[in-house]
Amino acid sequence: MSPGSAPMCVLTRVTVSSRHGRLAPGRRVVAVTEPPFPAPGSTDIALSVRTHDRAGHKRVDAAWLAATWADPSTRIVPLAGTRLPVTAAGDAVRWHTADELPADGLQLFLGMLEGAAHFALVVEEPTDAARWATFREVLQELSEPDAGFMVHAVALAEWHAGHRFCPRCGGRLKARDAGHVLVCEQCARQQFPRSDPAVIMMVTHGDRALLGRQDRWPEGRYSTLAGFVDPGESLEDAVVREVAEETGVRVTDVTYFGNQPWPFPQSLMIGFFARAETTEITVDQEEISDARWFSREELKAQAEAGTLVLPGGISISRSLVEAWYGGPLPGQW
Ligand SMILES: [Zn+2]
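For the sequence shown, the residue numbers in our numbering are 20 to 352.
See the structure below:
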């Protein structure tokens, strides 16, 4: 079947080197006899929706922040380090007003929802006997707005917990802009919250997809491959490199799927599909102890039997697997 006549052929944009060694954009026509990958946005990804107006311009308005903090309509969630208070049922975050909370602590302005300002207050110790949970423990139970506020708050709290001193001069850091900037008291260098990009990818070959597992995982657990982006590396190159390093498989047609903030402590998971050009697997035995090709039928049958356990419903890995499979699958971590 010639390129262009095939109903499922796609134009793939690639980058090629010119004779002079300078990078220039190029186009290459690739005949693809496999179905196209699911489009970005075609599958829900937890934590990947906009839940609140971050109102970033208010972070620098000290008078507004002070007045709003004390307003009885303002909702404040205390965080003990990075732990959050949840109701006894574990299905909702416990919000407070300022007069119910200690005066000390780091105030983080999260944003607005339905006219109400929302803050987090980072304290060292629990302020009462409420149940304190990690975000990961209760994430699946939380409402979408609460999960959105909490992923913002926990990301900031993790950043503050891990950044006590200036990386340039070792001076003490002071929070500014409602907790979204840290400034060195000695050299005045500013720091901003950071996210570390990591690629996570569903590698396919015909009707089969490649999943891997780590040695320390419980038996039967498999997931999509993933890895951190190297300095100076494009996302697509990171996909190609990580798959090759972990499994020896060579991939092409790297196609964006969607992304998910994962602030434990500071990752941003960026999901892709990629097509395998080779199928022989050689696992690295460091990050990955086993990798296998699964057909859709094998995936369904083994997931139903419990011999294959797929990642949890909140993970972008799960979204990738189910987007490729074409529907929900049973069982999860
Ligand atoms: Zn400094």
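For every residue, glycine included, the Cβ atom is placed at its ideal position computed from N, Cα and C.
Fair warning: this is a prediction, and the values are worked out from it, not measured in the lab.
Going straight from the alpha carbon of residue i to that of residue j, what length do you get?
i      : j      : result
Gly40  : Gly189 : Any reading at Gly40 must be qualified, since the residue scores a pLDDT of 48, below 50, and its modelled position is unreliable; the value itself is stated next. In a straight line, the C-alpha of Gly40 is about 42 Å away from that of Gly189.
Arg47  : Val270 : At Arg47 the pLDDT is 48, less than 50, meaning the model places this residue with poor confidence; the figure from the coordinates comes in the next sentence. Whole-angstrom Cα-Cα distance: 16 Å.
Gly350 : Ser336 : 14 Å
Leu132 : Phe138 : 11 Å
Leu329 : Thr243 : 9 Å
Gly109 : Ile64  : 22 Å
Pro164 : His182 : 27 Å
Pro57  : Val222 : 13 Å
Pro237 : Leu230 : 15 Å
Met169 : Phe154 : 7 Å
Asp234 : Arg240 : 10 Å
Glu177 : Leu192 : 15 Å
Gln126 : Arg232 : 40 Å
His71  : Gly167 : 7 Å
Ala107 : Ala152 : 11 Å
Trp83  : Thr326 : 56 Å
Ala322 : Gln159 : 20 Å
Gly358 : Ile289 : Beyond the ends of the chain as shown, which are 20 and 352, falls residue 358; an answer cannot be given.
Ala228 : Ala342 : 12 Å
Trp352 : Asp309 : 18 Å
Pro59  : Ala174 : 25 Å
Arg150 : Gly346 : 35 Å
Val202 : Glu53  : 52 Å
Phe128 : Met220 : 34 Å
Val157 : Glu119 : 23 Å
Ala263 : Gln205 : 45 Å
Val200 : Ile95  : 20 Å
Gln304 : Pro55  : 32 Å
Leu287 : Thr298 : 28 Å
His226 : Ser334 : The question names His, yet the displayed sequence has Asp at residue 226. Cα to Cα, the separation comes out at about 23 Å.
Ala320 : Gly134 : 49 Å
Is the beta carbon of residue i sitting closer than 8 Å to the one on residue j?
i      : j      : result
Arg113 : Pro104 : yes
Val258 : Val218 : yes
Ala111 : Leu66  : no
Gln285 : Asp215 : yes
Glu265 : Glu306 : yes
Leu318 : Leu339 : no
Ile300 : Gly267 : yes
Glu255 : Val273 : yes
Thr62  : Thr93  : no
Phe291 : Phe276 : yes
Leu140 : Pro97  : yes
His224 : Arg294 : yes
Arg187 : Gly130 : no
Gly194 : Val142 : It is Ala, not Gly, that sits at residue 194 in the sequence shown. No; because the gap between Cβ atoms is not below 8 Å, this pair is not in contact.
Tyr344 : Arg311 : no
If you count every other CB in all the chains shown that lies within 10 Å of the CB of residue i, and 16 or more means buried, which is it?
i      : result
His171 : buried
His76  : exposed
Val68  : exposed
Cys185 : buried
Val79  : exposed
Gln279 : buried
Thr87  : buried
Thr101 : buried
Pro282 : buried
Glu261 : buried
Gly198 : buried
Ala207 : exposed
Ala85  : exposed
Ala81  : exposed
Ala89  : exposed
Ala324 : exposed
Ala136 : buried
Any beta carbon from chain B within less than 8 Å of residue i's own beta carbon?
i      : result
Pro216 : No chain B is present in this structure, which holds just one protein chain.
Quick one: does the C-beta of residue i sit closer than 7 Å to a heavy atom of ligand 2?
i     : result
Asp63 : Ligand 2 is absent from the structure shown, which contains only ligand 1.
**OP:** Please list, in chain order, all residues with a C-beta atom less than 6 Å from at least one heavy atom of ligand 1.
**Re:** Cys185, Arg187, Cys188, Gly190, Cys203, Gln205, Cys206 and Arg208
**OP:** Would you check if the region 248-256 and the region 200-213 touch, i.e. whether three or more CB-CB distances between them fall below 8 Å?
**Re:** no
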